[in-house]
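Numbering (our numbering), first residue to last: 7 to 331.
The beta carbon of each residue, even a glycine, is placed where N, CA and C say it ideally should be.
Written below as structure tokens is the structure these notes are about.
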């Protein structure tokens, strides 16, 4: 590995960051009879964050997430396991490992699992939605079946609107459909801009993914202004936060506050891929300006410049923190 800092290995998150494994979290009721489950990863009740929440959803064979529209929340969804179908506005879309989705306010969406493997995805809500309130919807409690009056108060429209008229914003980007850019060493692999302006009708966040080949790593860095929410979608590796390394794998969640120095390492034998959500946006312009566009049928360039000019650009224009720059 190149350009890594000395580190020690730990499984306990530093005070300023959040790390939650794929199978960890507080269970909440989905109001479902097919065995589907949900785990609250981050909520205002459990963490200091009040402008977003993260809930993991696990749909077993034959499982479904019934049609619901949230009038008070936007949602960014990242799938990390299995496959299924999403129904919205009378149309259906395939969803599988690495799919990114944006569900706008008032947009009714229904999700169904397909195949043998459970369909698993993380839902990031801006601001936190009622499903992140494990005090309102405990497993086995009546809160999972809220009354119509309660649903209205929570801004939830529970019905079959996903199969009918559509009035809102819904975006779906498959794993290989992002705007892709080759990266310079030591970050051998590529990054993908998945959901960002102008396609995204909002300006307060963007979403991207990064693939690191075996042995590759991202340089140690931070972001002056942006929080970063990371969901691992493929493989295993290490997240180095400060000078401590934490093992990460598919479905794991990491929340990085502004200025926290970090990087990721693929110390395995298969690609490591993860999605990142940045609040506010800070990387999509940097990826376009410093990467080399990955085009179908074109080989990876033999050399991609990584020099003081591009490093200064990242620091001065895009708010990166890079040691020594």
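Can you list, in chain order, the residues of its chain with a C-beta nearer than 8 Å to that of residue i? Leave out the 5 residues immediately preceding and following it.
i: residue 277; result: 195, 217, 218, 219, 220, 240, 241
i: residue 310; result: 188, 189, 190, 191, 297, 298
i: residue 40; result: 65, 66, 68, 69, 70
i: residue 274; result: 220, 241, 242, 243
Does DSSP classify residue i as helix, strand or coil?
i: residue 294; result: helix
i: residue 136; result: helix
i: residue 267; result: coil
i: residue 159; result: helix
i: residue 319; result: helix
i: residue 33; result: strand
i: residue 311; result: coil
i: residue 210; result: coil
i: residue 187; result: strand
i: residue 324; result: helix
i: residue 107; result: strand
i: residue 70; result: strand
i: residue 222; result: coil
Alpha carbon to alpha carbon, how far is residue i from residue j?
i: residue 95; j: residue 110; result: 12 Å
i: residue 56; j: residue 134; result: 7 Å
i: residue 73; j: residue 84; result: 18 Å
i: residue 307; j: residue 293; result: 16 Å
i: residue 81; j: residue 179; result: 14 Å
i: residue 305; j: residue 238; result: 26 Å
i: residue 215; j: residue 158; result: 35 Å
i: residue 226; j: residue 142; result: 40 Å
If I measure Cβ to Cβ from residue i and keep anything under 7 Å in the same chain, skipping five residues before and after, which residues do I get?
i: residue 300; result: 186, 187, 188, 196
i: residue 319; result: 295, 296
Taking all protein chains shown into account, decide if residue i is buried (16 or more other Cβ within 10 angstroms of its Cβ) or exposed.
i: residue 11; result: With a pLDDT of 46 at residue 11, under the threshold of 50, the modelled position of this residue cannot be trusted, and the question is left open.
i: residue 279; result: buried
i: residue 331; result: exposed
i: residue 210; result: exposed
i: residue 103; result: buried
i: residue 205; result: exposed
i: residue 230; result: exposed
i: residue 29; result: exposed
Cutting at 6 Å between CB atoms, please list the residues of its own chain near residue i, excluding the five before and the five after it.
i: residue 234; result: 262, 282, 284
i: residue 265; result: 228
i: residue 212; result: 202, 284, 287, 290
i: residue 59; result: 48, 49, 131, 134, 138
i: residue 322; result: none
Residue i CB to nearest chain C CB: under 9 Å?
i: residue 308; result: Of the protein chains in this structure there is only one, and it is not chain C.
Worksheet item: Counting Cβ pairs, one atom from each stretch, are 3 or more of them under 8 Å apart for the segment 129 to 138 and the segment 36 to 56?
Response: yes
Worksheet item: How do the segment 105 to 124 and the segment 62 to 70 stand: do at least 3 beta-carbon pairs fall below 8 Å, yes or no?
Response: Yes, they touch.
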